[in-house]
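Down below is the structure, laid out as structure tokens.
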Amino acid sequence: MFDTSAFAVKLAASTTIFNICRNIEKAFYPYIPYTVEKITKYFGFHVKEIAKKSLKTLKGLLMACQNESDMADILANCLPSLLEAVHSSTLKEDGNFIVSVEY
Amino acid sequence: MLLEEALNAISVVSAVIDTEFAKYYHEFLPGLKHILDTIPNTDEKKTNIRLSAIECMGFIMTSMRTLEGFEQEVDAMMEYFIGHQKKIPKDDPEQAVIMDAYSQVSSHLKEKFDKYMPHIFPGVLEALDIEVKLVTHKNEDFKEMAKKKYAMTVSISYYAKLIFNRETSNQIF
Chain A
499 MFDTSAFAVK LAASTTIFNI CRNIEKAFYP YIPYTVEKIT KYFGFHVKEI
549 AKKSLKTLKG LLMACQNESD MADILANCLP SLLEAVHSST LKEDGNFIVS
599 VEY
Chain B
315 MLLEEALNAI SVVSAVIDTE FAKYYHEFLP GLKHILDTIP NTDEKKTNIR
365 LSAIECMGFI MTSMRTLEGF EQEVDAMMEY FIGHQKKIPK DDPEQAVIMD
415 AYSQVSSHLK EKFDKYMPHI FPGVLEALDI EVKLVTHKNE DFKEMAKKKY
465 AMTVSISYYA KLIFNRETSN QIF
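Chains A and B, in that order, are what the protein sequence lines are. At position 10 of the first sequence the residue is numbered 508 (the working numbering), and the sequence of numbers has no breaks. At position 152 of the second sequence the residue is numbered 466 (the working numbering), and the sequence of numbers has no breaks.
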């Protein structure tokens, strides 16, 4: 038997961050640095749902930015984790994603 | 349990008739809060009732979105949820359902949800970092564990398949 409550909370947290970021848009701006720091750890997470939500949150964070310089900062912070995630086993399961990256 | 079914029925009705349900919220919300205040989280059945009550509150809040004074009502509900979150353990399944309710509220309030962020966001980020461990129990402990925790039982063949796929020695999540 597996105790799944901690897992349910973790999954709900990743979904909640994504939803709030998408819903409140620019009002999310002050929380971007804290969020970037957390979500980058989960880009290559072995639970695919959490990895996907983290990557989608990244898109939401870019929408919450005030200007292009903020966007550049986010991408600079995320790029190493993003590249690592692309090469991780979780994303390799998705053949289309890998093909689009390789070409 | 009958109470759980009744709560699910209220959730479904409020979701289906949507904003039309708002006029009845005065009659339901105090009872739902009473359930959370009085039914202890001691076994799976009671946990499920509590989870259904929180879910139901989320649906009722959604149905109230066009009501005059919605923001004041949301203030009160959010204060209740934030206070409740502090009383329960970090890995309690109620945390997950409360966070779902936050998502619902934010979808209606949009940028006005900003005022709750300092109170809820540190907790949400903390929840994302919660450590998930694989814990297995002996067959004879199943009944006792099922009473206490929100848990999932999987067959041994599925377990073996997961281990094989993940190529790890003992971790699934």
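All C-beta atoms, glycine included, are put in the ideal place defined by N, C-alpha and C.
Legend entry - Where E582/A falls, given that 16 or more other Cβ within 10 Å makes a residue buried: exposed
Legend entry - Cβ contact check for the stretch 375 to 395 of chain B and the stretch 328 to 339 of chain B: 3 or more pairs under 8 Å: yes
Inset, instruction - Could you check which residue in P531/A, T555/A, Q564/A, Y527/A has the C-alpha nearest to that of M540/A? - result: Checking the sequence, you will find Tyr at residue 540/A rather than Met. Among P531/A, T555/A, Q564/A, Y527/A, the Cα nearest to that of Y540/A belongs to T555/A.
Legend entry - Alpha-carbon to alpha-carbon, L346/B and I396/B: The alpha-carbon separation between I396/B and L346/B amounts to approximately 16 Å.
Inset, instruction - Report the option in M371/B, D406/B, E358/B, K359/B whose CA atom is closest to the CA atom of H348/B. - result: M371/B
Legend entry - Terminal residues of the alpha helix (DSSP H) in which Q386/B lies: 384 to 401
Legend entry - Simplified DSSP state of M561/A, which is helix, strand or coil: helix
Inset, instruction - Run the CB neighbour count on D405/B, radius 10 Å, all protein chains shown included, and call it buried at 16 or more, exposed below. - result: buried
Inset, instruction - Report the residues of the stretch 510 to 522 of chain A with a CB closer than 8 Å to any CB of chain B, ordered along the chain. - result: A510, A511, S512, T513, T514, I515, N517, I518, N521, I522
Inset, instruction - Check whether the Cβ of V388/B lies closer than 7 Å to any Cβ atom in chain A. - result: no
Inset, instruction - Within its chain, find whatever has a CB closer than 8 Å to the CB of I530/A; leave out the 5 residues flanking it on each side and keep chain order. - result: L559, A562, C563, D568, I572
Legend entry - Euclidean distance between Cα positions of S325/B and L365/B: 12 Å
Inset, instruction - Could you tell me the distance, in whole angstroms, from the CA atom of V446/B to the CA atom of V438/B? - result: Between V446/B and V438/B, the C-alpha separation is close to 15 Å.
Inset, instruction - Could you pull out every residue in the same chain whose Cβ sits closer than 7 Å to the Cβ of E318/B, ignoring the five residues on either side in sequence? - result: N362, I363, S366
Inset, instruction - Give the range of the alpha helix (DSSP H) segment to which I522/A is assigned. - result: Residues 503 to 522.
Inset, instruction - Buried or exposed for M315/B, please, with buried defined as at least 16 other CB atoms from any protein chain shown within 10 angstroms of its CB. - result: Exposed, by the Cβ-count rule.
Inset, instruction - Locate the alpha helix (DSSP H) running through M371/B, then write down its first and last residues. - result: 358 to 377
Inset, instruction - Taking only beta-carbon positions, decide if Y529/A is within less than 7 Å of chain B. - result: Yes, its Cβ sits closer than 7 Å to a Cβ of chain B.
Legend entry - Residue-chain proximity (A444/A, chain B), Cβ-Cβ < 7 Å: A question about residue 444/A goes unanswered here, because the residues of chain A that appear run from 499 up to 601.
Legend entry - CA-to-CA distance, T333/B to A441/B, given in whole angstroms: 32 Å
Legend entry - Short CB-CB distance (under 7 Å) between R405/B and chain A: Rather than Arg, the amino acid found at residue 405/B in this sequence is Asp. Yes, D405/B lies at the interface with chain A (some Cβ there is under 7 Å from its Cβ).
Inset, instruction - Return the chain-ordered list of same chain residues with a C-beta closer than 7 Å to the C-beta of L509/A, the five sequence neighbours on each side being excluded. - result: E547, I548
Legend entry - Whether N575/A touches S420/B by CB criterion (7 Å): no
Inset, instruction - Show which residues of chain C have a CB atom less than 8 Å away from the CB atom of F427/B. - result: Chain labels in this structure do not include chain C; the protein chains are A and B.
Legend entry - Cross-chain neighbours of K400/B in chain A, by beta carbon under 8 Å: Here the premise fails: no neighbours, minimum Cβ distance about 15 Å.
Inset, instruction - Give the straight-line distance between the Cα atoms of A415/B and N517/A, rounded to the nearest whole angstrom. - result: 11 Å
Inset, instruction - Quick one: using the 10 Å Cβ neighbour count with 16 as the cut-off for buried, is F478/B buried or exposed? - result: No answer about F478/B holds up, because its pLDDT of 40 lies below 50 and its placement is not dependable.
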